[in-house]
Amino acid sequence: MPLTFNTAADYLEAAREMACSSRWALARLLAEEAADRTSDPAQAARILAEFPAPNPRKED
Numbered sequence: 005m006p007l008t009f010n011t012a013a014d015y016l017e018a019a020r021e022m023a024c025s026s027r028w029a030l031a032r033l034l035a036e037e038a039a040d041r042t043s044d045p046a047q048a049a050r051i052l053a054e055f056p057a058p059n060p061r062k063e064d
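Quick note: the sequence shown uses the working numbering, first residue 5, plus one each step.
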């Protein structure tokens, strides 16, 4: 069954699933999309706080 993403809640649910499976970068990307689709700035900030950005990879 294909996944359908139509609402912020859809993206947020997927972000939580990715976080549970330790896919942090993908969880953050999905959370960013959920936040972008949220009209309330405070709610968008809470979403992003729940999924902090992963540490950037350090290049030698």
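Virtual Cβ for every residue (Gly too), placed ideally from N, Cα, C.
What you are looking at is a predicted structure, and each value in this text was computed from that prediction instead of being measured.
DSSP-derived helix/strand/coil call for residue i
| i | result |
| --- | --- |
| ALA57 | coil |
| ASP14 | helix |
| ASP44 | coil |
Length of the line joining the Cα atoms of residue i and residue j
| i | j | result |
| --- | --- | --- |
| MET22 | SER43 | 23 Å |
| GLN47 | LEU34 | 15 Å |
| ALA29 | ALA13 | 18 Å |
| PHE9 | ALA39 | 14 Å |
Test item: CB-CB of residue i and residue j under 8 Å
| i | j | result |
| --- | --- | --- |
| LEU52 | GLU36 | yes |
| GLU32 | PHE55 | According to the sequence as given, residue 32 is Arg; it is not Glu. In contact: ARG32 and PHE55 (Cβ atoms closer than 8 Å). |
Other residues of its chain near residue i: CB distance less than 6 Å, five sequence neighbours each side excluded
| i | result |
| --- | --- |
| ALA18 | LEU34 |
Proximal residues to residue i (C-beta, below 8 Å), its chain only, five neighbours per side dropped
| i | result |
| --- | --- |
| TYR15 | PHE9, LEU34, ALA35, GLU37, ALA38, ARG41 |
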